[in-house]
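Structure first, commentary second.
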Amino acid sequence: MEFNSRVSPFDHLDLNRVFPGNQEGSYTERLAYLITRKALTNADIVIDLHGGGSWCVNAFAFRFKGSEELATVFNPPFILDAPNREGTLTKHANNIGSKVTVVEMGGRCEEEKKWAEYIATGLERCLNSLGVIEKKIPEYEQNTIQVRDSTILRPSKGGLFIPELGASAVGTMVEKGTILGRIVDPVSMST
50 MEFNSRVSPF DHLDLNRVFP GNQEGSYTER LAYLITRKAL TNADIVIDLH
100 GGGSWCVNAF AFRFKGSEEL ATVFNPPFIL DAPNREGTLT KHANNIGSKV
150 TVVEMGGRCE EEKKWAEYIA TGLERCLNSL GVIEKKIPEY EQNTIQVRDS
200 TILRPSKGGL FIPELGASAV GTMVEKGTIL GRIVDPVSMS T
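Last residue of the sequence shown: 240 (this note's numbering), numbering continuous.
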């Protein structure tokens with residue numbers, strides 16, 4: 050994969066949109082097929098880890114019907130209902146009977162180490178709860194917020210987004226009316 054790209058440089062496909070793959074397909078479709086055949090076919094549990102990249106920092110997990118406990122035990126700041134998109138690894142795994150969750154956590158920021166440790170602890174919690182490992186895991190650091198409805202904010206004009214809050218605010222609640230950031234003209238820096 051290219052750095053900071055969701056698509057393969059060989060066929061310009063997103064691996065997480067071509068599952069279960071195709072043995073005779075393009076590079077990415079064949080890779081999805083191999084992952085499906087070698088890893089997913091007999092998997093009881095699938096925890097699909099995603100980071101935010103350099104464009105965003107995430108702090109949530111998706112809950113799938115029948116696998117709610119997996120997302121809860123991970124203890125992310127927020128849990129959302131899964132979109133269950135066609136072609137994703139988790140949709141396919143869910144369809145073949147695996148318990149699944151997607152963890153979207155971290156991204157490129159000054160808090161990367163914190164998010165990596167958070168993910169490692171979450172994975173240990175899941176493995177512990179499943180009886181795969183026996184380890185004393187730290188108590189939950191926070192209460193997870195179950196999100197029932199969410200909205201993606203899209204700007205009404207182009208420009209450069211300048212955040213008002215630092216990366217340490219990711220995964221926290223903010224007061225209604227808090228300015229999250231501003232969009233400025235990249236040349237004049239005016240709003």
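For every residue, glycine included, the Cβ atom is placed at its ideal position computed from N, Cα and C.
These numbers were taken from a predicted model, which means no experiment stands behind them.
- Ile-168 and Gly-155 do touch by the CB rule: their CB atoms are close to 7 Å apart, below 8 Å.
- Straight-line measurement puts the Cα of Thr-121 at about 17 Å from the Cα of Asp-93.
- Following the DSSP letters along the chain, one finds Thr-193 in no alpha helix (DSSP H), marked with neither H nor E.
- The three-state reading of DSSP puts Val-152 in strand, counting E and B together.
- Taking all protein chains in view, the Cβ of Trp-104 is surrounded by fewer than 16 other Cβ atoms within 10 Å, so the residue is classified as exposed.
- Judged by their CB atoms, Gly-136 and Arg-66 are nearer to each other than the 8 Å cut-off.
- Gly-171: member of the alpha helix (DSSP H) spanning 161-178, first to last residue.
- Here Val-95 is actually not in contact with Ser-178; their C-beta atoms are around 15 Å apart, not less than 8 Å.
- Membership of His-141 in the alpha helix (DSSP H) is indicated by the continuous run 138-144.
- In this structure, Trp-164 is the residue among Trp-164, Ala-131, Leu-129 with its C-alpha nearest to the C-alpha of Gly-100.
- A residue is called buried once 16 or more other Cβ atoms fall within 10 Å of its Cβ, and Val-181, having fewer, is exposed.
- In terms of Cβ geometry, Val-233 and Thr-240 form a close pair [threshold 8 Å].
- If the five residues before and after Asn-133 are omitted, its C-beta is found closer than 8 Å to the C-beta atoms of Phe-113, Thr-139, Lys-140, Asn-143, all from its own chain and listed in chain order.
- CA-CA distance, Thr-77 to Ile-145, rounds to 21 Å.
- Take the alpha-carbon of Thr-85 and the one of Glu-224: they are about 43 Å apart.
- Minimum Cα-Cα distance from Leu-214 among the listed residues Cys-158, Lys-162, Leu-176 corresponds to Cys-158.
- Distance from the CA of Arg-197 to the CA of Thr-221, rounded to the nearest whole angstrom, comes to 16 Å.
- By a beta-carbon distance limit of 8 Å, Phe-123 contacts Gly-171. Their separation comes to about 4 Å.
- Remark: C-beta atoms of Val-151 and Ala-131 approach each other more closely than 8 Å.
- For Ile-84, the secondary structure class from DSSP, reduced to helix, strand or coil, is helix.
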